[in-house]
Structure formats: C-alpha cells, structure tokens
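Colleague: Got a structure for you, questions after.
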Amino acid sequence: MARRPAGSSTPSLDPKGSAFVFYGKDAFLRADYTRQLREKLEEAHGEIETIHFDGTRDALADVLDECRSFGLMQQHKLVVVENADQLVKGDSRPLLERYAEHAPEGATLVLRCDTWHAGKLDKMIDAGNGEVHKCDGLAPNEAVAWAIARAKVFHNAALDRDAAMLLVDRVGDTGRIDSELGKLALDAPKGKITREQVAQAVGATREEEVWSIQSLILSAGPEELLTRLRAILDNSKQDQSVVTMWACMDLCRKLHLASRGLAQGQSPQAVAGALKLWGPSRDALMAAARRVHPATAAKLLSMAVEADRKSKSGLGQADRLLERLTLQIAGGSR
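My numbering applies: residue 30 is where the sequence shown begins, and numbers increase by one.
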C-alpha cells in the first residue's frame, strides 16, 4: 500500500512515480521529501522545471492542465500543490483519480497538505509508482539517521551518533533539529559536533527536566534522587507536581508492562518496541524490568495511582507524596 504509518519508514521516492502525497503536521519534512524527490528527478531527467500552486486559490483543472502541457524546453515538470486538501475534495476528487489513472510521463505531481483522506485515489497513486506518505515526524532512530545525514550534506559537519541521539531527544521535530544543527556547525571544532557540545548548547526544556525523574528513579541514590526532585519542584514559577506525578505513574506503568511481557516469554526487543522505548532510557527500564517480578511492579503501579489520588483529593502535600513515592519506586525496582 502507498499509505505508510507515521515514523515507520521513509518514502522511496521513485522518480518514475507520477504523483506523490506528503501530508501531516511536519511541514519541514514535507518540503524535505519534495527536495529529495526533485534531486532524483534531476538525476533521471536532467534539468527540470518546478511549478507551484496553492489549493486555497488555484483550481484543480489549472493544475492538471499544467501537468499535461509541454514546456518550451521539453523539460520534465515537477508540479507542487500546497494546501492540496482544499483542492482535492467533493466533485474534484474523481477528476484527479482520472488523471492518476492516465498520468502523462512528462510531469510529476506532488500534493502537500496537513490532512489527507484515504480512498480510491491512494491505490491509483500507488499503482503509478507514487506514494502517499504521512509526515508527522520521524521515529527516533530515523530522526537520528536523518540528523547525521543533514549535518553532513547541508551543514558540512560530522555529527556523532550520541550527539544526534541527544539532539533528537531534546529538540524533536525536523525543522528545529535543522535549525540547531546550523548553530552547532558554526561552533563545531574541526567540523565535528559532539554530544558534549549538544548538551551545552541545546538546553533541556522544563518538561524534559521533569521527565528526567524517571531515569533518576532507576539509577540515582536516595540523596541524589531527593535533591533532584526538590530542584524540579522548587525551581519553577509553575506547579510541577502534577506532571511529575504523571511521570512517576508512567514509569510504573511501563515497568509493569515490561516485567509482565518478559515473564510471559516475549523478547526484550518486542517489549521495548511495544512501549516505544529507545536509547539509554530503554536500557535502564528493561534492566529494571528483568529484576522486578510482575507482582511487585503491579504493586508499585498501585502505589503511584494511590499517591496521585491523594494528591488530587488534598489528602497530603504533593511534594511529600512524591518524595515517598519516588523512594518506594526506586527501592522496589532494584
């Protein structure tokens, strides 16, 4: 099928494809896939002509007429339509389906939009070697590979894999990753971006600092754990107890599911994949899941839920409940 799950793969971008749909919230990724497709078309056809349309103001008939017409230099055309979902709806969709069924060889049509409704057209695009690809961001491992390649090709810098993993963890979406790479490359000694440089230059967000409590629970000693917890709760103008409590419950939930999965004979890779764990956090949690009996993990989850209930019901001070809970989880998972 042309439609692929978000983050599960990158598009193949076959230059023989007659039409492509790049949809989703990541506008930077949509543009980058279009750039990659253009490069493949240039390899296949030489210099190409690129024409842009906007679905909020242009008619579908004008777009398709452009695809079917010949350029003055007989160049291959790349026709890009922004906000394509505004163009391909209602009575206009069958018009595009007929085009996809008998697409001309001299043009490649790219439809870009935030949302896309699956249908008969998807299969027709797939039959013409094209693709319908969701651009809601890359899976962490793909984002790491993307960042390394992006640093090399566009920023003339070598990005360490460890540095890429930290950058993806702290920044996330491709547009911000590219922006940070540009800054890091300017200050990179001998054109090499290290993990230490990323750690210093790309600050952790407040939310990331809160969620770091999970790794501390699994690795830090009691004194360090409580000190860091106090820093999270005290060094902010906003109340961080709710999200910190949620982070503790989430850790217990994942620990329980991982422990139970391993006890049932599931492979560590399958368990980690189902829980969307990766990197150092995956290793730490899976190690704890091997040590903890499922019954113990279930008890820890119940403790976390009960602490959350008391906090929301006013049956205890949130900071004291969190101190007790984090120590209980740390002790029970070792």
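Cβ atoms here follow ideal geometry from the backbone N, Cα and C, with glycine treated the same way.
Is there contact between the stretch 271 to 279 and the stretch 344 to 353, where contact requires at least three CB pairs shorter than 8 Å?
Modeller: Touching, yes, given that three or more Cβ pairs across the two stretches are closer than 8 Å.
Colleague: Within 10 Å of its beta-carbon, does residue 251 have 16 or more other beta-carbons around it, so buried, or fewer, so exposed?
Modeller: The residue given as residue 251 occupies position 222 in the sequence shown. Label assigned to residue 251: exposed.
Colleague: Per DSSP, what kind of secondary structure is residue 337 in: helix, strand or coil?
Modeller: By one-based count along the sequence shown, residue 337 stands at place 308. Three-state result, residue 337: helix.
Colleague: Can you find at least 3 beta carbon pairs, one from the stretch 46 to 59 and one from the stretch 74 to 84, that sit closer than 8 Å?
Modeller: No, they do not touch.
Colleague: Between which residues of its own chain and residue 170 is the CB-CB distance below 8 Å, once the five residues before and five after are set aside?
Modeller: Here residue 170 refers to the residue found at position 141 of the sequence shown. Excluding sequence neighbours, residue 170 sits near 307.
Colleague: From residue 142 to residue 151, what distance separates their C-alpha atoms?
Modeller: On the sequence shown, position 113 is the one that residue 142 refers to. On the sequence shown, position 122 is the one that residue 151 refers to. Using only the alpha carbons, I get a separation of about 15 Å.
Colleague: Among 317, 278, 323 and 258, which one has its Cα closest to the Cα of residue 290?
Modeller: On the sequence shown, residue 290 is found 261 positions in, with the first residue counted as 1. When each option's Cα is compared against that of residue 290, the closest is 323.
Colleague: Have a look at residue 326 and residue 336 and give me their C-alpha separation to the nearest angstrom.
Modeller: Counted from its first residue, the sequence shown places residue 326 at position 297. Counted from its first residue, the sequence shown places residue 336 at position 307. The alpha-carbon atoms of residue 326 and residue 336 are separated by roughly 15 Å.
Colleague: Please give me, in chain order, every unbroken run of the alpha helix (DSSP H) with length at least 4 that falls completely inside the stretch 32 to 108.
Modeller: The qualifying runs are 56 to 74 and 89 to 97.
Colleague: With a 10 Å radius around its C-beta and 16 neighbouring C-beta atoms as the bar for buried, classify residue 157 as buried or exposed.
Modeller: Reading the sequence shown from its first residue, position 128 is the one you call residue 157. Buried, by the Cβ-count rule.
Colleague: State the Cα-Cα distance for the pair residue 312 and residue 281, rounded to the nearest angstrom.
Modeller: Residue 312 sits at position 283 when you count from the first residue of the sequence shown. Residue 281 sits at position 252 when you count from the first residue of the sequence shown. Those two C-alpha atoms are separated by around 15 Å.
Colleague: Check the DSSP bridge columns for residue 182 and list the partner residues they point to.
Modeller: Along the sequence shown, read from residue 1 onward, the residue named residue 182 stands at position 153. Paired residue(s): none; residue 182 is not in a bridge.
Colleague: Please list, in chain order, all residues of the same chain as residue 200 whose beta carbon is under 7 Å from its beta carbon, the five residues on each side excluded.
Modeller: To locate residue 200, count along the sequence shown from 1; it is residue 171. Cβ within range, chain order: 206, 209 and 231.
Colleague: State the beta-bridge partners of residue 222 as determined by DSSP.
Modeller: Counting from one through the sequence shown, the residue named residue 222 turns up at place 193. According to DSSP, residue 222 bridges with 188.
Colleague: Would you call residue 111 buried or exposed, if buried means 16 or more other Cβ atoms sit within 10 Å of its Cβ?
Modeller: Translated into the one-based positions of the sequence shown, residue 111 becomes position 82. Buried, by the Cβ-count rule.
Colleague: Mark residue 296 as exposed unless 16 or more other C-beta atoms lie within 10 angstroms of its C-beta, in which case mark it buried.
Modeller: Position 267 of the sequence shown holds residue 296. Looking at its Cβ environment, which holds fewer than 16 other Cβ atoms inside 10 Å, residue 296 is exposed.
Colleague: Measure the C-alpha to C-alpha separation of residue 131 and residue 48 and round it to an integer number of angstroms.
Modeller: Looking up residue 131 in the sequence shown gives position 102. Looking up residue 48 in the sequence shown gives position 19. Cα to Cα, the separation comes out at about 11 Å.
Colleague: Spatial neighbours of residue 70 within its chain, please: C-beta separation below 7 Å, excluding the five flanking residues on both sides.
Modeller: Within the sequence shown, numbered from 1, the residue matching residue 70 stands at position 41. Excluding sequence neighbours, residue 70 sits near 44, 77, 105, 107 and 137.
Colleague: Count the other C-beta atoms from every protein chain shown that fall within 10 angstroms of the C-beta of residue 172, then say buried if there are 16 or more, exposed otherwise.
Modeller: Locating residue 172 in the sequence shown gives position 143, counting from the first residue. Per the 10 Å Cβ criterion, buried.
Colleague: Just list the alpha helix (DSSP H) runs in the stretch 269 to 314, keeping only unbroken ones of 4 residues or longer that don't cross its boundaries, in chain order.
Modeller: Correct list: 270 to 292 and 297 to 303.
Colleague: Per DSSP, which residues does residue 140 bridge with? Please list them.
Modeller: As a first step, residue 140 is located in the sequence shown; it is residue number 111 there, counting from the start. Note: residue 140 sits in a beta bridge opposite 50 and 110.
Colleague: Residue 259 to residue 245, Cα distance in whole Å?
Modeller: Reading the sequence shown from its first residue, position 230 is the one you call residue 259. Reading the sequence shown from its first residue, position 216 is the one you call residue 245. Distance between the alpha carbons of residue 259 and residue 245: 13 Å.
Colleague: Could you check if residue 333 is buried or exposed, using at least 16 other CB atoms within 10 Å of its CB as the buried criterion?
Modeller: On the sequence shown, position 304 is the one that residue 333 refers to. Result: buried.
Colleague: Looking only at C-alpha atoms, which of 360, 225, 119 and 197 sits nearest to residue 247?
Modeller: Numbered from its first residue, the sequence shown carries residue 247 at position 218. The option with the nearest alpha carbon to residue 247 is 360.
Colleague: Compute the Euclidean distance between the alpha carbons of residue 226 and residue 74, then round it to the nearest angstrom.
Modeller: Mapped onto the sequence shown, residue 226 falls at position 197. Mapped onto the sequence shown, residue 74 falls at position 45. When rounded, the distance between both Cα atoms is 42 Å.
Colleague: Does the distance from the CB of residue 195 to the CB of residue 177 come in under 7 Å?
Modeller: As a first step, residue 195 is located in the sequence shown; it is residue number 166 there, counting from the start. As a first step, residue 177 is located in the sequence shown; it is residue number 148 there, counting from the start. No, the pair does not count as a contact, with Cβ atoms beyond the cut-off.
Colleague: With C-beta atoms as the reference, is residue 174 less than 7 Å away from residue 222?
Modeller: Within the sequence shown, numbered from 1, the residue matching residue 174 stands at position 145. Within the sequence shown, numbered from 1, the residue matching residue 222 stands at position 193. No, Cβ-Cβ distance for residue 174 and residue 222 is not below 7 Å.
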